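Colleague: Read top to bottom, the protein sequences are chains A and B. Residue numbers for the first sequence follow this note's numbering, beginning at 1032 and rising by one. Residue numbers for the second sequence follow this note's numbering, beginning at 883 and rising by one. Here's a structure for you.
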Amino acid sequence: MKKFYNSYRISLIVTILFFCSFSSLADINYSEFENSRLPEYLLNSFANQNSGLLVQANPPVAVPSSGTYTGTQLVTLTTSSTGASIRYTTDDTDPSTTLGTLYSGPVSISSNTVLKSIAYGTGFTDSPVVSAIYIINCETPVLSPASGTYPTGQHVTMSTATAGATLYYTTDGTQPTSASTPYSSRITLNSNTTLRVVAIKNGMGDSQITTENYTILSIVETPAFTPPAGNYNAVQNVTIVSATLDATIYYTIDGTTPNSNSLKYTGPVNVATNLTVKAVAMKNGMLNSTISTATYTIQILKTSNPVFTPAPGNFTTPQSITISNATPGSTIKYTTDGTTPSQTNGIIYTIPVSIIASANFKAIAFNQGYTDSDVVSAEYKITLGDADSDGDRVSDNEDEFPIDPLRASNNLFPADGFGSLAFEDNWPSKADYDMNDMVIDYQFNQITNAKNEVVEIKARVVLRANGTNQRNGFGIEFPVSPSQVNSCEIKKTDGTPVSLGSSITLSSNGLESSNNPKAIVILFDDGYKLFPQNTPESLINTSPDIAWSKPDTLYMTITFALPVSMDVFAKNRFYNPFIFNTKLRSKEIHLPDFAPTSLADITLFNTGDDKSDPSIGKYYKTANNLPWAINIYEEYNYPVEKTSIMDAFLHFATWAQSNGTLYPDWYKIKDGYIKPNAVYIHP
Amino acid sequence: MNSCSKDDSRPWNAVNSETLVAQSNFDWNTTKTYQLTLSGSLSHIVKITSAKGIVFQKVFLSAGTQCLTNITLPSYEKSVHLVYNNKDIEIALSGSELTYSF
């Protein structure tokens, strides 16, 4: 029929013929026409015919046509049949000439609707009922505020222009459905969130989904000051911290606002004067903290001066000096050597200081956060009188231990400095006789009580020369039984004990463990240990070509369980010293005519150059009665390496040959006594 | 041993360790020990000193008693001083036993 329509529209005659082929308009199959409507010119032709012929009204045309829309739609219904009326329904019933709403103007469609309409009128048969289907989606939700980056948490409201629609949302990025969270009131976002919202209402299509992304910046925690702002009497070390992990703190002390160009906080801020500290904490991805401010008022106090008790002055008895000050927590340092005490110089005062002789004290007190006190001097002039403070019957002015009833006198040997022991270590061979294989300086102190009994023996010992490549130790046998010794300590200058090798076993009282009837003290078992570590391991301090090496000084203290009669030590004051081979403890070398200990290997007697004869008390001497060791009352300047003692000391032989009558001071360094360059002189 | 090997090139002194002979009773020590007996009427410390005042030993002398002590001195000393109750007495070192009563 389209071909028909197109072919014949230009010919009225053909048109009439067309109509004549139908008995009425009802016989027309409208579907054969475009849009199920008769072409306008045909309808008008019919209308212009006489009234006896009825034509079917063209069905209404809805604009907008069927479809999916958002929001209310105003639908216009028109028919091309002039004079025809239109009725319509929206309840899915079919309209008719009497049913439905007479169309008079645009129909408002605000929800899903099937709009059915019909055209009718006089001279027309009714048009077919035509339907237009409208899907009306809910209005797209609107969120306020919209997506963005916000410095603080946000309250988000949601709305839709579709009345009665319910909003459903998700916060995890998933698509919202009616099973999602329904919106009832504003929601609060405190962290980064993606909100997706849909509006849903019965009878309407779901809205488009609104998606909004919110970035919520956190704020770095405000820096806090410790100690807090306030008034202080001492210098303060102010720490600044932010509770936000890894935040960086910047601060100012000049009142300006801190920023990232300000001082970076790395450690406590020393606040020594009035100061306002301002700080801000920063961290990437977070908002800067609020600025915190702390104002410090510093009124620094001075540490109170030391006070001496008793007050300085003249005394006739020993005094116990107490030093104190009024500032709690202070440290007091004092000197008695004339130097000025300071935080780095002097002795820390802990307990009262006993003085038995005149002394000049200087003391200073200091305290954290305070300025140091003045240096206070106190001069005590003590002239001990006849009083006997310790009740030992020795008056204070003669008692070297006036407040110790167990002690009265020091007795030094030698009386004025060191004596020396010199050994040849190749016994029983005589070797070069330079008497410098071991040169050991010593000074003993027998401390006696008021009964002239020995209560303690102290010693200072220095291995001054070690002109050998052997390893030797040094010991002393004391003329007391081991059980009489309460304790024996050997300490180095730094106060640490001397370490001994495995060849030496000590008893609980510090003596060498043995069956020897007399007490044996081992001061060291290897002389090399007493020199600095970089010292060459041979010929120490005996060759002018080798640098001097400073030996350590050892300090020995022997206390007795009970005081020992001085007569016990009458034979000599240097006891029975000896050296021994480090690797062979039994190889002892003693002074001439001094017996070995029970640990010595006496089978070596009468071997080599040795002609010892214990039966007559002859020990460690050659056939010519020459010794392997000598004891000199004064500090001995020994021969240089490989120079015989009798070559270096010009009167040594004469002294020996004269049986000690001539040149008893052969060892002194004076004109005519020594061969030039043959005696080792400490550089 | 290097340090103790013999050195036979000794041009200086005619006597050497091979030729030097000492008497069998020679005391190789450079000191001499004396026995000292002291007595006095007052209790005081007695200081035994050198002429230069170097104190060799101290003993407490109880009034009315005898004090026996040994002193070891440098062999070259010819005398010692006894300092007692503000007195200073020099005594010669003759023999091995010394006695003094204050």
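For every residue, glycine included, the Cβ atom is placed at its ideal position computed from N, Cα and C. Since the model is a prediction, treat every value here as computed from it, not as a measurement.
1) Quick one, which of 1458(A), 1492(A), 1467(A) and 1176(A) has its alpha-carbon nearest residue 1474(A)'s?
2) If you reduce the DSSP assignment to three classes, tell me which class residue 1697(A) lands in.
3) Hey, how far is the Cα of residue 1351(A) from the Cα of residue 1387(A)?
4) So if I threshold CB-CB distances at 7 Å, which residues from the stretch 1429-1449 of chain A count as touching chain B?
5) Between the alpha carbons of residue 1663(A) and residue 1444(A), how many angstroms are there, rounded?
6) Give me the residue from 1290(A), 1375(A) and 1339(A) with the minimum Cα distance to residue 1385(A).
7) Measure the Cβ-Cβ separation of residue 1269(A) and residue 1337(A) and say whether it is below 8 Å.
8) Under a Cβ-count criterion, where at least 16 other Cβ atoms within 10 Å of its own Cβ denotes burial, should residue 1179(A) be classed as buried or exposed?
9) Using 10 angstroms around the beta-carbon of residue 966(B), count the other beta-carbons present and answer buried if the total reaches 16, otherwise exposed.
10) Using the three-state DSSP reduction, which class does residue 1687(A) fall into: helix, strand or coil?
11) Taking only the alpha-carbon atoms, compute the straight-line gap between residue 1056(A) and residue 1113(A) and give it to the nearest angstrom.
12) Identify the continuous beta strand (DSSP E) that holds residue 1280(A) and give its terminal residues.
13) Using a cut-off of 9 Å between C-beta atoms, extract the partners of residue 1424(A) located in chain B.
14) Based on DSSP bridge pairs, tell me the residues matched to residue 1621(A).
15) For residue 1082(A), count neighbouring Cβ atoms within 10 angstroms of its own Cβ and tell me buried if that reaches 16, exposed if not.
16) According to DSSP, is residue 1465(A) part of a helix, a strand, or is it coil?
17) I'd like to check one pair, residue 1599(A) with residue 1516(A): are the Cβ atoms closer than 8 Å?
18) For chain A, find out if any of its Cβ atoms is closer than 8 Å to the Cβ of residue 970(B); answer yes or no.
19) Please determine, among 898(B), 983(B) and 926(B), the residue with the shortest C-alpha to C-alpha distance to residue 1426(A).
20) In this structure, what does DSSP give as the bridge partners for residue 1431(A)?
21) Taking DSSP's pairing of strands, which residues face residue 1169(A) in a bridge?
22) Grab the span of the beta strand (DSSP E) containing residue 1312(A) for me, first residue to last.
23) Do three or more CB pairs link the stretch 1669-1677 of chain A to the stretch 1619-1637 of chain A at distances below 8 Å?
24) Quick one: grab the DSSP three-state call for residue 1587(A).
25) Sort 1177(A), 1606(A), 1128(A) and 1241(A) by Cα distance to residue 1171(A) and report the nearest one.
26) Taking CB distances under 8 Å as the criterion, tell me whether residue 1461(A) reaches chain B.
27) Does the beta carbon of residue 899(B) sit closer than 8 Å to a beta carbon anywhere in chain A?
28) Got a sec: is the Cβ-Cβ distance from residue 976(B) to anything in chain A below 8 Å?
29) With distances taken between CB atoms, is the gap from residue 1558(A) to residue 1503(A) smaller than 8 Å?
30) Tell me, to the nearest whole angstrom, how far the beta carbon of residue 964(B) is from that of residue 930(B); I am working on the premise that it is less than 8 Å.
31) When the cut-off is 8 Å and only beta carbons count, does residue 1466(A) lie next to chain B?
32) Between which two residues does the beta strand (DSSP E) containing residue 970(B) stretch?
33) Using alpha carbons as the reference points, say which of 1257(A), 1319(A), 1288(A) and 1238(A) lies closest to residue 1278(A).
34) Going by the DSSP bridge assignment, what does residue 1327(A) pair with across the sheet?
35) Would you identify the three-state DSSP class for residue 1642(A), choosing helix, strand or coil?
36) List, from N- to C-terminal side, the beta strand (DSSP E) runs of 3 residues or more that fit wholly inside the stretch 1374-1459 of chain A.
Modeller: On the basis of the data shown:
1) 1492(A)
2) coil
3) 9 Å
4) Close to chain B, meaning a Cβ-Cβ distance shorter than 7 Å, are the following residues of the stretch 1429-1449 of chain A: 1429, 1439, 1440, 1442, 1444, 1446 and 1447.
5) 11 Å
6) 1339(A)
7) no
8) Its Cβ having fewer than 16 others within 10 Å, residue 1179(A) is exposed.
9) It is buried - the Cβ of residue 966(B) has at least 16 other Cβ atoms within 10 Å.
10) helix
11) Confidence in residue 1056(A) is poor, its pLDDT being 48 and thus under 50, which makes the residue's placement unreliable; the coordinate value appears in the next sentence. Taking the straight line from one Cα to the other gives about 16 Å.
12) 1279-1283
13) Here the neighbours are 925, 942 and 944.
14) Residue 1621(A) is bridged to 1609(A).
15) Summary for residue 1082(A): the model assigns pLDDT 49, below 50, so the residue's position carries little reliability; its value from the coordinates is reported in the next sentence. Classification for residue 1082(A): exposed.
16) coil
17) The Cβ-Cβ distance between residue 1516(A) and residue 1599(A) does not fall below 8 Å.
18) no
19) 926(B)
20) Note: residue 1431(A) sits in no beta bridge, so no partner.
21) Bridge partners of residue 1169(A): none, in fact.
22) Run containing residue 1312(A): 1306-1313, per the beta strand (DSSP E) assignment.
23) no
24) strand
25) It is 1241(A) whose Cα lies nearest to the Cα of residue 1171(A).
26) yes
27) yes
28) Judged by the 8 Å Cβ criterion, residue 976(B) is not in contact with chain A.
29) yes
30) 6 Å
31) no
32) 969-974
33) 1319(A)
34) 1261(A) and 1306(A)
35) coil
36) 1384-1386, 1390-1397, 1407-1413, 1440-1444 and 1450-1454
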